[in-house]
Amino acid sequence: MPNSGPPHPIDVAVARSTPSPDNRLPKQPQRSRVPLPRPARPPGVATLKTVTVVIGSQPQGCRYQSLLEALAADGELELDLVVCGRRTYPELDRRCCELTARGFSIRQRVELSEPFEALGDGLLTATPRSVAFAEAFHGVAADLVLLLGPAREMLAAAQAARAAKLPVVCLHHEVAAPATGADGEVSPVEATAEAIRGALLELSRHHLVTCDVDRATLIAQGQAAQQVTVCGSPVLDELKGTTLCELDWLATRWGLPTEERYLLVSYLADPVAEVSAAEQVRNLLEAVEATELPVVFARASGMARDESTWGPFRDYAASRADVSLVDRCDWPTYWSLLGAAEAIVGNVPTGLVEAAWLGVPFVNIGSRLRQRPAVLAVLEAGYERDEIFASIATVTAKEFRGLYASDEAPYGDGTSAAQIVDVMRGMLDLPRQAAEVSEAQVVVPSLGGEPVSLSEPSIG
Numbered sequence: 194m195p196n197s198g199p200p201h202p203i204d205v206a207v208a209r210s211t212p213s214p215d216n217r218l219p220k221q222p223q224r225s226r227v228p229l230p231r232p233a234r235p236p237g238v239a240t241l242k243t244v245t246v247v248i249g250s251q252p253q254g255c256r257y258q259s260l261l262e263a264l265a266a267d268g269e270l271e272l273d274l275v276v277c278g279r280r281t282y283p284e285l286d287r288r289c290c291e292l293t294a295r296g297f298s299i300r301q302r303v304e305l306s307e308p309f310e311a312l313g314d315g316l317l318t319a320t321p322r323s324v325a326f327a328e329a330f331h332g333v334a335a336d337l338v339l340l341l342g343p344a345r346e347m348l349a350a351a352q353a354a355r356a357a358k359l360p361v362v363c364l365h366h367e368v369a370a371p372a373t374g375a376d377g378e379v380s381p382v383e384a385t386a387e388a389i390r391g392a393l394l395e396l397s398r399h400h401l402v403t404c405d406v407d408r409a410t411l412i413a414q415g416q417a418a419q420q421v422t423v424c425g426s427p428v429l430d431e432l433k434g435t436t437l438c439e440l441d442w443l444a445t446r447w448g449l450p451t452e453e454r455y456l457l458v459s460y461l462a463d464p465v466a467e468v469s470a471a472e473q474v475r476n477l478l479e480a481v482e483a484t485e486l487p488v489v490f491a492r493a494s495g496m497a498r499d500e501s502t503w504g505p506f507r508d509y510a511a512s513r514a515d516v517s518l519v520d521r522c523d524w525p526t527y528w529s530l531l532g533a534a535e536a537i538v539g540n541v542p543t544g545l546v547e548a549a550w551l552g553v554p555f556v557n558i559g560s561r562l563r564q565r566p567a568v569l570a571v572l573e574a575g576y577e578r579d580e581i582f583a584s585i586a587t588v589t590a591k592e593f594r595g596l597y598a599s600d601e602a603p604y605g606d607g608t609s610a611a612q613i614v615d616v617m618r619g620m621l622d623l624p625r626q627a628a629e630v631s632e633a634q635v636v637v638p639s640l641g642g643e644p645v646s647l648s649e650p651s652i653g
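Numbering (the numbering used here) for the sequence shown: 194 to 653.
This is the structure in structure tokens:
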């Protein structure tokens, strides 16, 4: 049974830079914040500016809680929330329930047409999805639309917003050029994804990116510097405001085989790799077994469902006492598992963003994330067993952790919500209020006329 005592708060930012030898973390994970009440309307403000926020299926809505709280708490902004997802996707119901439980009112739920998983069908299903979003935007006096979600879903929302003559601001989680194979060619899946991202760029009035490298990339691709703002990753706002838990609580709650450090494995088979999914998983399992370390296979609620990997993981764990599976856990629990791990092995974005914040090394397998900015504690490995094993052996060495102690995480400092709200206010001709926002990062165009540069843009 879980420990019944109250959790002990921890400053995650301090914990990541000064990890304790025994990795003592708070007991039971929980959010430390609740939605803020709306302040009184400032004197002289006749009407509020409405910001329609569209949340897609991934990342799941609760990782935007800090941003939604900041928008709802602004005395001059009105939050209008729209949530979308596949009509048969159980996470849609769960996400709506979680957001409602946290005090947010969802005005519209947009159920997207099938098929959903195949990126190659993204353009084919854009039109019916646009109709669904058009119905969601009909009759709403929005002043601005903020898109938070995967490009293949947000393209339809952007098309509908553009048709309704609503200005669009889009948070781009990834803007890198499509990966090429060994022959230098771009796969059809990557080509389609790139076409969708390009169309979304053209439909957006302003672009939010999570790191300086992405800003420089968009500017190099022809986007105006004053229309691209670095805001950091909203995920770090959530992590910063989350109470993690102790290793003994994790061991008791999830039946971990040991109270020692372990490898956390979160992996999705790469469909465009030259190595088959079965071979990818087999090589990973052989490399992990050769380390002789305890292993926890984990996927959080909202992560992609990939039975081609999870099935073999389940079979592997069934025959070994030092291997555990944690399936569909909430994000505070997943982050707690990550913070207590010796290293994370796989190819999920968590290894680049949250792991860097917590000071946990990451073995990045394959090409799925290879073009993304990373700290020194991220080691690249191919799909072969020996490469994966060598990288794990390196990051688990005692002397390795000192390499990243002073390395600055490239995805912000957990103040993304304040920076995004500041961009919204600037575009709506409202006074800036985010005192902690870096002047070099905030360049916003006013919707009332020519772009207004609040400072010199920095492309990192």
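Glycine included, C-beta positions come from ideal geometry on N, C-alpha and C.
Three-way DSSP call (helix, strand, coil) for residue i in this model
i: C522; result: strand
i: T502; result: helix
i: C424; result: coil
i: E271; result: strand
i: F555; result: strand
i: T484; result: helix
i: V406; result: helix
i: S517; result: strand
i: L241; result: coil
i: R398; result: coil
i: E629; result: In this prediction, E629 scores a pLDDT of 43, lower than 50, which makes its location untrustworthy; no coordinate-derived value is stated.
i: A462; result: coil
i: Q414; result: coil
i: A470; result: helix
i: F297; result: coil
i: C290; result: helix
i: E643; result: With a pLDDT of only 38 at E643, under the threshold of 50, the placement of this residue in the model should not be trusted; the figure read from the coordinates follows. It is coil, neither helix nor strand.
i: G332; result: coil
i: V247; result: strand
i: A667; result: Here the chain has residues from 194 to 653 only, and residue 667 is not among them.
i: V324; result: helix
i: A357; result: coil
i: G342; result: coil
When the options are compared against residue i, the one with the closest alpha-carbon
i: L292; options: F330, V247 and A334; result: V247
i: S152; options: G268, V275 and L270; result: With the chain covering only 194 through 653, there is no way to say anything about residue 152.
i: L305; options: C277, R295, S298 and C289; result: C277
i: E592; options: A266, A570, V421 and P381; result: A570
i: L260; options: S397, G504, L572 and F297; result: F297
i: T403; options: L429, D523, A388 and C438; result: L429
i: L440; options: L531, A357, T484 and D336; result: L531
i: L159; options: D622, A388, P624 and Q612; result: Lying before the first or after the last residue shown, residue 159 is absent from the chain, which here runs from 194 to 653.
i: I389; options: V538, A417, Q420 and A350; result: A350
i: S501; options: Q473, D523 and L486; result: Q473
i: V333; options: L348, E467, A357 and R322; result: A357
i: R300; options: R287, E328, E431 and C363; result: E328
i: L341; options: E535, L348, A294 and C363; result: C363
i: N557; options: P603, E547, N540 and A480; result: N540
i: L477; options: D606, C290, E577 and Y257; result: E577
i: K433; options: L623, Y257 and G607; result: G607
i: S323; options: L337, P487, R507 and R355; result: R355
i: A335; options: R279, R288 and L241; result: L241
i: W447; options: E485, V303, F490 and R287; result: F490
i: R565; options: E535, A325, Y604 and I581; result: Y604
Burial state of residue i (16 or more Cβ within 10 Å)
i: A471; result: exposed
i: D407; result: buried
i: E601; result: exposed
i: E310; result: In this predicted model, E310 has a pLDDT of only 44, less than 50, meaning its place in the structure is not dependable; the value taken from the coordinates is given anyway. Burial call: exposed.
i: Q414; result: exposed
i: D267; result: buried
i: L339; result: buried
i: A493; result: buried
i: A615; result: According to the sequence provided, residue 615 is Asp. The question's Ala does not apply to it. Per the 10 Å Cβ criterion, buried.
i: P381; result: exposed
Pair within 9 Å by beta-carbon distance, residue i and residue j
i: A567; j: A549; result: yes
i: L272; j: L264; result: yes
i: G559; j: D405; result: no
i: V361; j: L411; result: no
i: F330; j: T243; result: no
i: L461; j: A497; result: yes
i: P554; j: V588; result: yes
i: V365; j: A392; result: Before going on, a small fix: residue 365 reads as His here, not Val. Cβ distance not < 9 Å, so H365 and A392 don't count as in contact.
i: Y527; j: V516; result: no
i: M620; j: L270; result: no
i: G575; j: L562; result: no
i: S584; j: G425; result: no
i: Q352; j: L394; result: no
i: E431; j: W524; result: yes
i: G552; j: R507; result: no
i: P181; j: A514; result: This structure gives no information on residue 181, because the portion of the chain shown stretches from 194 to 653.
Report the residue ranges of all alpha helix (DSSP H) runs contained in full by the stretch 561-622; include only those spanning at least 4 residues, in chain order.
The stretch 561-622 contains these whole alpha helix (DSSP H) runs: 578-588 and 609-620.
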